[in-house]
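A.B. asks: If you want my numbering, it's the position in the sequence shown, counting the first as 1, plus 517. Idealized CB from N, CA, C, for every residue including glycine. Being a predicted model, the structure only gives us computed values, none of them experimental. Submitted below is the structure of interest, expressed as structure tokens.
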Amino acid sequence: MIRSAARLLVVAAIIAAITPVLTPREVAAAPGDANEIVAVVVDGVGNGHGRGLSQWGSFGWAVNHGWDWTRILDHYYGGTTMGDVPNTAITVRLLALDDQQTAVISANGTANWSGAAGNYGALVAREVDPNTSRYEVWGNPTPTCPAPDDTTLTGWTHL
518 MIRSAARLLV VAAIIAAITP VLTPREVAAA PGDANEIVAV VVDGVGNGHG RGLSQWGSFG
578 WAVNHGWDWT RILDHYYGGT TMGDVPNTAI TVRLLALDDQ QTAVISANGT ANWSGAAGNY
638 GALVAREVDP NTSRYEVWGN PTPTCPAPDD TTLTGWTHL
């Protein structure tokens with residue numbers, strides 16, 4: 518048995534010594550080449566926004582650390598108390614996005630806006646009046662995103 522194992526090791530060493538080392542070959546992409554990366558599309562969801570409780574984070578605390586729901590809530594919202602509040606609408610203002618347009622891309626061309634019939638590959642909303650939260654909306658049949666400084670929206674339909 519020992520001789521068989523020794524022979525196997527010798528054979529493996531000989532094969533390793535005579536086998537050429539294979540290295541990956543880099544492929545340079547020419548313009549228009551199928552290997553050229555022109556866009557990265559992320560299809561799916563993320564793990565949260567980094568503020569407050571997330572499903573993934575609370576799952577980890579429960580499964581990996583054995584925490585119950587009260588300890589998880591206390592971890593994320595320490596110093597608060599549980600209670601009932603009325604079901605009222607709230608607004609959230611993203612200050613970093615003031616004076617910028619908002620674009621929505623639909624990979625399957627089914628984005629729609631309640632103010633206009635039809636499905637679109639992309640929608641863009643621009644605030645017209647910050648005092649009344651009035652917006653103008655444009656649609657494009659192609660899932661594309663205009664540059665933030667594109668003021669003309671050529672090829673887009675004003676909805």
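Can you list, in chain order, the residues of its chain whose CB lies under 8 Å from that of W665, leaving out five sequence neighbours each side?
C.D. replies: Numbered from its first residue, the sequence shown carries residue 665 at position 148. According to the sequence provided, residue 665 is Pro. The question's Trp does not apply to it. Contacts found: Q617 and Q618.
A.B. asks: Measuring only the C-alpha atoms, how far is W484 from P647?
C.D. replies: With the chain covering 518 to 676 only, the question about residue 484 has no answer from this structure.
A.B. asks: Would you report the Cα separation of W586 and V609, rounded to the nearest angstrom?
C.D. replies: Here residue 586 corresponds to residue number 69 of the sequence shown, with the count starting at 1. Here residue 609 corresponds to residue number 92 of the sequence shown, with the count starting at 1. Their Cα atoms are separated by approximately 27 Å.
A.B. asks: On a Cα-Cα basis, can you pick out the residue from G635, Q572 and V654 that is closest to V621?
C.D. replies: Counting from 1 along the sequence shown, the entry for residue 621 is found at position 104. It is V654 whose Cα lies nearest to the Cα of V621.
A.B. asks: Leaving aside the five residues before and after E511 along the sequence, list all residues of the same chain whose C-beta is less than 6 Å from its C-beta, in chain order.
C.D. replies: No information on residue 511 is available, as it lies outside the stretch 518 to 676 that the chain covers here.
A.B. asks: CB-CB under 7 Å to Y593, same chain, minus the five flanking residues each way: which ones, in chain order?
C.D. replies: Walking along the sequence shown from the start, residue 593 turns up at place 76. Result list for Y593: G569 and L570, in chain order.
A.B. asks: For A642, list the residues DSSP reports as bridge partners.
C.D. replies: Walking along the sequence shown from the start, residue 642 turns up at place 125. T619 and V654, per the DSSP bridge assignment.
A.B. asks: Would L640 be called buried (16 or more neighbouring beta carbons within 10 Å of its own) or exposed?
C.D. replies: Numbered from its first residue, the sequence shown carries residue 640 at position 123. Buried, since its Cβ has 16 or more Cβ neighbours within 10 Å.
A.B. asks: Buried or exposed: N657, going by 16 or more other Cβ atoms within 10 Å of its Cβ?
C.D. replies: Taking the sequence shown and counting its residues from 1, one reaches residue 657 at position 140. Counting Cβ neighbours within 10 Å, N657 comes out buried, since at least 16 surround it.
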